[in-house]
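In my numbering, the protein residues as written are 2 to 229.
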């Protein structure tokens with residue numbers, strides 16, 4: 002399954018966070034033997050202070066840590082907007098904690114001790130998910146850059162067209178002539194580099210997918226944030 006890690010991507014890294022030094026070393030040696038890049042930290046604060054969160058990868062996180070717990074770190078990363086998938090690990094089958102972690106977006110929950118095959122498979126699937134999220138974010142940012150070149154009128158037409166409305170209906174809603182709608186629509190499609198209605202809808206959907214992913218949108222898009 003190593004082909005999951007794309008050759009054109011930066012080196013994906015699994016960040017091990019556990020307060021047991023023997024387990025950290027064991028996991029580091031294991032990942033090294035499978036040609037997977039890994040680093041290790043004893044606490045959540047150490048991880049936050051030293052890990053490069055801009056690179057692709059995932060987190061192998063112990064639930065119980067001194068200071069900030071694994072669950073608390075999950076909440077912190079979620080609030081910071083980092084989409085690194087989290088694989089929780091625990092020596093105790095605490096159903097309440099595992100259910101909470103999964104509801105908050107954990108990628109998986111492994112019980113110690115876990116076998117090497119399961120660990121490798123889960124880690125590589127988490128890498129794959131992170132690369133997908135990064136691709137979605139990049140597509141959103143590209144679409145957003147195009148959308149932000151639209152005038153307020155063109156943005157409004159963009160929203161109406163994406164809802165499947167005909168030019169005549171849009172003209173009625175905007176209280177302008179159908180000729181003006183066609184003019185705004187043509188300019189809108191050119192700026193969005195859209196060749197068809199399908200392209201327009203795809204870019205519109207990317208705006209809403211970004212909101213679901215909680216991608217940072219530092220600048221408003223007008224027209225009720227594209228019919229939010």
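Beta carbons: idealized from backbone N, C-alpha and C, even for Gly.
- Residue burial annotation: residue 33 is exposed, with fewer than 16 other C-beta atoms found within 10 angstroms of its C-beta.
- For residue 115, there is no enclosing beta strand (DSSP E), as DSSP gives it neither H nor E.
- In the three-state DSSP reduction, residue 123 falls in the helix class (H, G or I).
- According to the DSSP secondary-structure assignment, residue 59 is paired through a beta bridge with 15.
- Distance from the Cα of residue 41 is smallest, within the candidate group 56, 60 and 55, for 60.
- In this structure, DSSP gives residue 206 a helical state, which the three-state scheme calls helix.
- Under the DSSP assignment, residue 50 falls outside any beta strand (DSSP E), being part of the alpha helix (DSSP H) whose first and last residues are 45-51.
- Each residue's CA atom was taken as its position, placing residue 84 and residue 134 some 7 Å apart.
- Note: residue 91 is bridge-paired with 112 in the DSSP secondary-structure output.
- The beta carbons of residue 172 and residue 182 sit closer together than 8 Å.
- If you look at residue 172, you'll find it in the alpha helix (DSSP H) that goes 168-175.
- Residue 200 sits in a helix when the DSSP states are folded into three classes.
- Residue 42 is bridged by DSSP to 18.
- Here residue 152 is exposed: its Cβ has fewer than 16 other Cβ atoms, across all protein chains shown, within 10 Å.
- In this structure, residue 69 lies near residue 46, with their beta-carbon atoms less than 8 Å apart.
- Within the same chain, Cβ atoms closer than 6 Å to the Cβ of residue 92 are found at 113, the five residues on either side in sequence being excluded.
- Under the DSSP assignment, residue 194 falls outside any alpha helix (DSSP H); it carries neither an H nor an E label.
- Sequence-distant Cβ neighbours of residue 12 in its own chain, meaning closer than 6 Å and more than five residues away, are 38.
- At a Cβ-Cβ threshold of 8 Å, residue 62 and residue 98 do not count as neighbours.
- A check of alpha carbon separations from residue 122 across 56, 35, 168 and 77 identifies 35 as the nearest.
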